[in-house]
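Here the structure comes first, spelled out in structure tokens, and everything after it is commentary.
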Amino acid sequence: MDRTLDTSHYDIKDLSLAPEGQKSIDWASLNMPVLAQIRQRFTDEKPLRDVRIAACLHVTTETANLMLTLKDGGADVVLCASNPLSTQDEVAAALVTRGIAVHAIRAEDNDQYYRHIIAAIQHSPHITMDDGADVVSTLHQKYPELLAQVVGGTEETTTGVIRLRNLARQGKLGYPVISVNDAKTKHFFDNRYGTGQSTLDGITRATNLLWAGARVVICGYGWCGRGVARRAQGMGSRVIVTEVDPIAALEAVMDGYDVMPLADAAPLGDVFITVTGNTNVIDRQHFDRMKDGAIMANSGHFDVEVAVGGLREMASRVTEVRPMVEEHLMPDGRKLYLLAQGRLVNLAAAEGHPASVMDMSFANQALSAEYLISNSGSLSPDVYDVPAVIDEEIGRLKLQTMGIEIDTLTEAQIAYLASWESGT
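Take any residue in the sequence shown, note its place counting from 1, add 1107, and you have its number in my numbering.
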């Protein structure tokens, strides 16, 4: 039987959505020229021939182009969603018709979400690709017998890298994992420009909010927080940053933002955006102090940054007043609004990052998978950076596709940088 038509090899919403999904995939590919170059080489060289890959990523048009690149490189790929609300069902359908097994349905419940992760793990992967480390975590906890055959893995997000480093610190990580998130061509661009733009896009689509003049509280000033703050400021918002890291807080002050504890910002904010990778950032004490009409959104990976359970317990009534907008009527009559159930607002209420920035992130994924296979057996279980040669090559290719040239060092400059004798 043709695998693409065998329903035991996929679980999606509706296969008839495939033509619509293919158009969207093709549109995204127009803005992913670096990945296109890698795909052409992979097609010719087949560096991933017979490599089984279990990928747990947001099922979007950009991810689809990565999956097709891996497949053209010879890989046998299974894809599941890394967030229940981020799947684009038409994209999932299109990938199935292209011979990629997909287990993902938008708005799937928690049980189905983990059934799909298990389906990917049962592919017995040589490579895992994660966005949040749910595959790695589930694999280690429930399928340790499969760890020995895993050559390595890649991780896309800050949240996932934190989990993996904790696993490695405890001596329990079963195979080497490359932190794609820490590549310069990933977090300088994807986290900052991608998250910045797509977060405001998601909130705007959900609420039709006017950003100009709004008091926006950004919880967390890492690369994602920097991006969201700058985009909000650019739209005319008055920005407050909350932080626990003194260095990040100092940087926010010198970038021109007000910095204060969240308890002090709570009564001031019109919009609250979490981008920390931590839990219960906005909690009951903050809900108590928020003004009537305050909006809360999360752009960190998991739905734990806003204490959703506590908010619902405190509310006397919860009503969906718009798609992706829950109104929480508090006992004192205030109304607080939660977007996308506290999940990733940029993917749940919008389309995620623009393809142009994901071009670099997914180039890192593809080349890191190739690196793991070519170095099979030589890396001990740990979390590794993307090799600098890969990171720099992606930067060079991106500039090339943009038609931008830069200077190169002269022989004298190279010699000077390598010397120690020269002084004042």
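Even glycine gets a Cβ: it sits at the ideal position worked out from N, Cα and C.
- Scanning Trp1330, Leu1446, Gly1363 for the CA closest to the CA of Val1378 turns up Leu1446.
- In the displayed model, Tyr1250 falls within coil according to three-state DSSP, outside both helix and strand.
- For the pair Ala1199 and Ala1182, the CB atoms are not nearer than the 9 Å cut-off.
- Judged by DSSP secondary structure, Ser1131 falls within the alpha helix (DSSP H) whose first and last residues are 1125-1136.
- Counting the other Cβ atoms within 10 Å of the Cβ of Gly1259 gives 16 or more, which makes it buried.
- Contact between the region 1251-1269 and the region 1226-1242 is established, with three or more Cβ pairs separated by less than 8 Å.
- DSSP places Arg1333 in the uninterrupted alpha helix (DSSP H) bounded by 1330-1341.
- Around the CB of Trp1330, 16 or more other CB atoms lie within 10 Å, so the residue is classed as buried.
- Relative to the Cα of Gly1281, the nearest Cα in the group Asp1289, Asn1288, Thr1245 belongs to Thr1245.
- Counting the other CB atoms within 10 Å of its CB gives Ala1522 a total below 16, which places it among the exposed residues.
- With the rule of 3 Cβ pairs closer than 8 Å, the region 1295-1312 counts as touching the region 1333-1340.
- Pairing Pro1488 with Leu1307, the inter-Cα distance amounts to about 38 Å.
- One Cα belongs to Ala1470, the other to Leu1274, and the distance between them is close to 26 Å.
- The C-beta of Glu1427 has fewer than 16 other C-beta atoms within 10 Å across all chains shown, which makes the residue exposed.
- In the structure shown, the three-state DSSP call for Asp1183 is strand.
- In the DSSP assignment, Asp1308 falls within the unbroken alpha helix (DSSP H) covering 1302-1314.
- For Ile1380, DSSP records a beta bridge to Ile1325, Ala1404.
- Contact between the region 1286-1302 and the region 1491-1499 is established, with three or more Cβ pairs separated by less than 8 Å.
- Looking at the backbone, the Cα of Lys1398 and that of Gly1407 are separated by about 23 Å.
- Under DSSP, Ile1228 shares a beta bridge with no residue.
- The beta carbons of Thr1508 and Val1141 sit about 6 Å from each other, so the pair counts as a contact at 8 Å.
- Put simply, the backbone Cα of Leu1254 is about 7 Å away from that of His1247.
- Each residue's CA atom was taken as its position, placing Ser1131 and Gln1195 some 10 Å apart.
- Contact annotation: Leu1454 and Ala1422 have beta-carbon atoms that are not nearer than 9 Å.
- Only residues of its own chain outside the window of five on either side were considered, and among them Tyr1328, Val1348, Glu1350, Val1366 have a CB closer than 8 Å to the CB of Ala1356, listed in chain order.
- In this structure, the beta-carbon distance from Glu1433 to Cys1326 does not fall below 9 Å.
- Put simply, the backbone Cα of Gly1332 is about 32 Å away from that of Ala1227.
- Here the C-alpha atom of Lys1249 lies approximately 24 Å from the C-alpha atom of Ala1214.
- Restricting attention to alpha helix (DSSP H) runs no shorter than 4 residues, the region 1471-1512 encloses them at 1495-1508, ordered along the chain.
- Asp1118 is bridged by DSSP to His1210.
- Distance between Asp1157 and Gly1363, taken at the CA atoms: about 52 Å.
- Positions of the alpha helix (DSSP H) runs, each at least 4 residues long and wholly inside the region 1252-1298, are given as 1265-1276 in order along the chain.
- Sequence-distant partners of Asp1179 (beyond 5 residues in either direction) whose C-beta falls short of 7 Å from its own C-beta, in its chain, are Arg1146, Phe1149, Thr1150.
- The alpha-carbon of Met1139 is positioned some 14 Å away from that of Phe1296.
- Looking at the backbone, the Cα of Gly1128 and that of Val1166 are separated by about 11 Å.
- Secondary structure note for Glu1412: it is in no alpha helix (DSSP H), with a DSSP letter that is neither H nor E.
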